[in-house]
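Accompanying notes for the structure given below.
Numbering (the numbering used here), first residue to last: 175 to 277.
Here it is in structure tokens:
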């Protein structure tokens, strides 16, 4: 290897080491779990033991939608669920809209 090639390889190695250091400090968010956990393309995951209710179900699935509704309502004036029809929700959404309008 020539000196030019060696210096290029060293630079690539330093870059790779930097990327690996970033990965070691990071958290991976996995999307498309249905593809990642596909039974014919990846490790099989079999539940075992007795069936137990999931903590905070179904609120744990509804909460992110409520939060997104609160953030997006001031610009779209739409909500994903019927919860916004109540008087308390209307008051809160109005306050959020005013706060967003004020900046």
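Each residue gets a CB set at the ideal place from its N, CA and C atoms; glycine is no exception. For clarity, every value in this text was computed on a predicted model and none was experimentally measured.
Nearer than 7 Å: is that true of the beta carbon of residue 248 relative to any heavy atom of the ligand MN? Only the bare structure without any ligand can be found here, which leaves the ligand MN out of the picture.
Considering only the beta carbon of each residue, do residue 248 and residue 274 sit closer than 8 Å? yes
What whole-angstrom Cβ distance do residue 239 and residue 254 have, given they're in contact under 8 Å? 5 Å
Inter-residue CB distance, residue 270 and residue 244 (contact presumed, cutoff 8 Å): 6 Å
Report the rounded CA-to-CA distance for residue 266 versus residue 251, giving the unit in angstroms. 13 Å
Does DSSP put residue 228 in a helix, a strand or coil? coil
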